[in-house]
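Per our numbering, the very first residue in the sequence shown carries number 1; after that it's consecutive.
In what follows, a single structure is set out as structure tokens and then discussed.
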Amino acid sequence: MRNFISVFIIIVIVILVINIDIDKNDSFSNKNVDVEKKWDRIASVLENAWDDFGLFSFQATPESTIFIEMDETKSELQLIKYLEENINKTDLNQYNIKITKKSLHEVETESFMMKVSGIVFDYLQENNYHDVDIYVPSTKPSPILKISIPKSSTRSSENIKKELEDVLASKSAKLPNKDISYEIQVVEHIDESTIESDALISDVVEDFEGTENHLIISDKDIFKGNGIYKMSWAQPSDSKEYKFHVTNNTGTNVTVQIQQSSHTKTYNLAANDSTTWIQSAASSGDHTIVVTTSDGRIFKGDVFVSRSDVPLN
Numbered sequence: 001m002r003n004f005i006s007v008f009i010i011i012v013i014v015i016l017v018i019n020i021d022i023d024k025n026d027s028f029s030n031k032n033v034d035v036e037k038k039w040d041r042i043a044s045v046l047e048n049a050w051d052d053f054g055l056f057s058f059q060a061t062p063e064s065t066i067f068i069e070m071d072e073t074k075s076e077l078q079l080i081k082y083l084e085e086n087i088n089k090t091d092l093n094q095y096n097i098k099i100t101k102k103s104l105h106e107v108e109t110e111s112f113m114m115k116v117s118g119i120v121f122d123y124l125q126e127n128n129y130h131d132v133d134i135y136v137p138s139t140k141p142s143p144i145l146k147i148s149i150p151k152s153s154t155r156s157s158e159n160i161k162k163e164l165e166d167v168l169a170s171k172s173a174k175l176p177n178k179d180i181s182y183e184i185q186v187v188e189h190i191d192e193s194t195i196e197s198d199a200l201i202s203d204v205v206e207d208f209e210g211t212e213n214h215l216i217i218s219d220k221d222i223f224k225g226n227g228i229y230k231m232s233w234a235q236p237s238d239s240k241e242y243k244f245h246v247t248n249n250t251g252t253n254v255t256v257q258i259q260q261s262s263h264t265k266t267y268n269l270a271a272n273d274s275t276t277w278i279q280s281a282a283s284s285g286d287h288t289i290v291v292t293t294s295d296g297r298i299f300k301g302d303v304f305v306s307r308s309d310v311p312l313n
């Protein structure tokens with residue numbers, strides 16, 4: 001009888017623990033669903049405001065901040081009033097809104113230079129020009145695409161510049177705006193020690209949690225209206241490796257770029273796919289991750305970056 005009672009008590013305790021765990025999972029799942037529904041409602045209102053208020057892009061972060069880029073000729077106050085009138089107050093109160101105003105020409109130039117950079121990158125890869133690096137395109141004071149080659153290269157800076165100019169001229173039909181003037185600059189470098197090598201694809205499913213791995217970028221459910229996601233971080237000198245993960249929930253391919261030490265490494269990710277890359281022997285200093293859709297449509301997905309103090313497997 002005593003054994004029977006003991007077994008019965010154990011069974012009851014196990015059932016209670018299971019129920020508690022299920023309730024926790026259901027609560028977490030419901031919370032995520034509520035957040036997604038809330039953002040879908042807000043995103044719908046912003047999409048409807050796209051033309052009237054000259055929106056270029058919008059994005060929500062896990063820190064409950066909505067970043068909006070809009071035409072500098074449009075009224076920021078009128079946009080805020082529109083949002084307050086069309087978004088549920090409970091939903092809107094959960095977010096801080098930060099608005100950046102740009103000119104249409106500035107946005108078009110940035111998009112144009114990203115396309116130019118993409119064409120040059122593809123050409124360099126197809127022709128195995130692995131010693132040629134692309135700097136981050138600049139648009140101010142004027143659009144410039146800077147190329148770097150080692151001093152020991154068999155190709156002269158004049159020849160590589162002429163070669164790339166010819167390639168871009170032949171691909172002009174792929175560029176969205178033929179009226180934007182830009183310059184290609186080719187510089188020679190000696191010290192290559194600070195330039196990171198290509199990152200490797202990880203075959204391990206990452207949860208980006210833990211005490212040894214430090215999550216520094218965690219953007220989920222990104223909804224980037226202009227098709228370009230961009231975020232920076234500072235890689236400390238005592239952290240020798242990092243990993244970056246992109247989930248692409250759009251129906252088109254995206255390019256993933258890591259900009260470091262004025263150089264850019266580019267990786268491709270298929271539509272509705274996800275990949276984690278590992279960067280060993282990371283250089284310290286500012287880094288930027290850029291995700292760009294291939295056809296300019298809205299980028300939807302997740303981006304994570306985690307640095308590590310120990311080797312990443």
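Every residue, glycine too, gets a C-beta built ideally from N, C-alpha and C.
The structure displayed is predicted, hence computed values, not measured ones.
For residue i, collect the residues of the same chain with a Cβ closer than 6 Å to its Cβ; drop the 5 residues on either side in sequence, then sort them by chain order.
{"i": "residue 115", "result": "175"}
As a quick exercise: from the options, pick the residue whose alpha carbon is nearest that of residue i.
{"i": "residue 250", "options": "286, 117, 91 and 272", "result": "272"}
{"i": "residue 158", "options": "64, 185, 50 and 236", "result": "185"}
{"i": "residue 47", "options": "308, 297 and 303", "result": "297"}
{"i": "residue 295", "options": "88, 278, 124 and 270", "result": "270"}
{"i": "residue 85", "options": "233, 42 and 256", "result": "42"}
{"i": "residue 123", "options": "108, 171, 151 and 140", "result": "171"}
{"i": "residue 286", "options": "303, 237 and 277", "result": "237"}
{"i": "residue 97", "options": "90, 65, 128 and 274", "result": "65"}
{"i": "residue 59", "options": "235, 220, 126 and 244", "result": "220"}
{"i": "residue 284", "options": "302, 266, 164 and 259", "result": "259"}
{"i": "residue 88", "options": "119, 39 and 121", "result": "39"}
{"i": "residue 226", "options": "232, 112 and 92", "result": "112"}
Short of 7 Å in beta carbon distance, which residues of its chain neighbour residue i, apart from the five on each side in sequence? Order them along the chain.
{"i": "residue 300", "result": "222, 223, 249 and 250"}
{"i": "residue 242", "result": "235, 279, 282, 305, 306, 307 and 308"}
Who are the Cβ neighbours of residue i in its own chain at under 8 Å, not counting the five residues just before and after it?
{"i": "residue 117", "result": "134, 137, 145 and 264"}
{"i": "residue 70", "result": "53, 54, 55, 56, 76, 79, 99, 100, 101 and 102"}
{"i": "residue 162", "result": "none"}
Look at residue i and residue j and say whether their C-beta atoms are less than 8 Å apart.
{"i": "residue 45", "j": "residue 83", "result": "yes"}
{"i": "residue 281", "j": "residue 197", "result": "yes"}
{"i": "residue 200", "j": "residue 306", "result": "no"}
{"i": "residue 290", "j": "residue 228", "result": "yes"}
{"i": "residue 153", "j": "residue 131", "result": "yes"}
{"i": "residue 110", "j": "residue 139", "result": "yes"}
{"i": "residue 277", "j": "residue 244", "result": "yes"}
Assign residue i to one of three DSSP states: helix, strand, or coil.
{"i": "residue 164", "result": "helix"}
{"i": "residue 130", "result": "coil"}
{"i": "residue 284", "result": "coil"}
{"i": "residue 125", "result": "helix"}
{"i": "residue 199", "result": "coil"}
{"i": "residue 43", "result": "helix"}
{"i": "residue 179", "result": "coil"}
{"i": "residue 95", "result": "coil"}
{"i": "residue 118", "result": "helix"}
Rounded C-beta distance between residue i and residue j? I'm assuming under 8 Å.
{"i": "residue 141", "j": "residue 182", "result": "12 Å between Cβ atoms; not a contact."}
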